[in-house]
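Novice:
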Amino acid sequence: MKLQLSALAALAAASCSALPTPGYAPLPPGGDVDLTTVRVQYGLRKQNSDDDWAPTDESDAIGIEVDHRTRDAFVGFEIGTLLADGDEDAGGGVSFKTDFDEIYAGVRKTFDFDDFFLHPYVSLGLTWIQARAALTQGVNQAADDDSSIGAYGRVGVNAVFMENVNVGLEYRLVVGTDLDFFGVSTDTDYGQFGLSVGYSF
Numbered sequence: 213m214k215l216q217l218s219a220l221a222a223l224a225a226a227s228c229s230a231l232p233t234p235g236y237a238p239l240p241p242g243g244d245v246d247l248t249t250v251r252v253q254y255g256l257r258k259q260n261s262d263d264d265w266a267p268t269d270e271s272d273a274i275g276i277e278v279d280h281r282t283r284d285a286f287v288g289f290e291i292g293t294l295l296a297d298g299d300e301d302a303g304g305g306v307s308f309k310t311d312f313d314e315i316y317a318g319v320r321k322t323f324d325f326d327d328f329f330l331h332p333y334v335s336l337g338l339t340w341i342q343a344r345a346a347l348t349q350g351v352n353q354a355a356d357d358d359s360s361i362g363a364y365g366r367v368g369v370n371a372v373f374m375e376n377v378n379v380g381l382e383y384r385l386v387v388g389t390d391l392d393f394f395g396v397s398t399d400t401d402y403g404q405f406g407l408s409v410g411y412s413f
């Protein structure tokens, strides 16, 4: 709401002017010691500073991720990108649109239990988020953008249903971001429930 009020003021001015692997089937004996997974993701996101981002404080997110692990390593690594956006009616003929582009990288620990098909995991890392917000009323628009680095943590579980194919559920938390929009200090910290489908090779 604070972002909307500040942007509306700008708008008014403008108008006047073999081990089980992480979520996959076990490697065969004598097989490669490296495992890479490509994963597509979908998430339901909730901004922590919901008053600032309302009515777009809840949005969908899509992304792609690659994680890699060696047979004997204690942890692996992951890198990925997420895109989220919202476009809602703010009232009075004004629309409020937000976009968030995110790139992240971190370490990932997967817990393997012999041949059990469920593989829990946790990961920690850093994320860079580019955020944009715009209020539009007719032909007039007030827009602003900013970026920030934050930290993220994830906890989830992957389930193997077919050889080399897994489906995952997770919760993701981002903290420590710092943004300035329309003269208002805010952040884009969020929590997100996610679903993923991955293929390992």
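Numbering (our numbering), first residue to last: 213 to 413.
Each residue gets a CB set at the ideal place from its N, CA and C atoms; glycine is no exception.
These numbers were taken from a predicted model, which means no experiment stands behind them.
#1: On the three-pair Cβ rule with 8 angstroms, is the region 310-319 touching the region 332-344?
#2: Give the DSSP-derived three-state secondary structure of A272 in the structure shown.
#3: Start and end of the alpha helix (DSSP H) containing D264?
#4: Who are the near neighbours of Q259 in its chain, counting only those whose CB is closer than 7 angstroms to its CB and skipping five residues on each side?
#5: What did DSSP end up calling R283 once you bin it into helix, strand or coil?
#6: My guess is that T389 and I341 are in contact by the Cβ rule of under 8 angstroms, so how many angstroms apart are they, rounded?
#7: In whole angstroms, what separates the C-alpha of D301 from that of A346?
#8: Quick one, are the C-beta atoms of A363 and F312 less than 8 angstroms apart?
#9: Thinking C-alpha only, which one of F329, E382, V306, L391 is nearest N352?
#10: Per DSSP, what kind of secondary structure is E314 in: helix, strand or coil?
#11: Can you look up V367 in the DSSP assignment and give me helix, strand or coil?
#12: For V367, which of A354, Y383, F325 has the nearest alpha-carbon?
#13: State the Cα-Cα distance for the pair Y411 and G255, rounded to the nearest angstrom.
#14: Any idea what DSSP makes of N352, helix, strand or coil?
#15: From the DSSP output, in three-state form, read off T339 for me.
#16: Quick check on the DSSP output: the beta strand (DSSP E) that includes T248 runs from which residue to which?
#17: Looking at the structure shown, is S397 part of a helix, part of a strand, or coil, going by DSSP?
#18: Within a Cβ cutoff of 6 angstroms, which residues of the same chain sit near T249, ignoring the five residues on either side of it in sequence?
Specialist: So, to answer that:
#1: yes
#2: According to the sequence displayed, residue 272 carries Asp and not Ala. D272 falls in the strand class under three-state DSSP.
#3: Per DSSP, D264 belongs to the alpha helix (DSSP H) from 262-265.
#4: W265, D269, T400, Y402
#5: Judged by DSSP in its simplified three-state form, R283 adopts coil rather than helix or strand.
#6: 6 angstroms
#7: Straight through space, the alpha carbons of A346 and D301 are spaced by roughly 12 angstroms.
#8: no
#9: V306
#10: strand
#11: strand
#12: Comparing Cα positions, the closest option is Y383.
#13: 18 angstroms
#14: strand
#15: Secondary structure at T339: strand, using DSSP grouped into helix, strand and coil.
#16: Run containing T248: 246-259, per the beta strand (DSSP E) assignment.
#17: DSSP places S397 in strand when its eight states are reduced to three.
#18: Cβ within range, chain order: D279, G410, S412.
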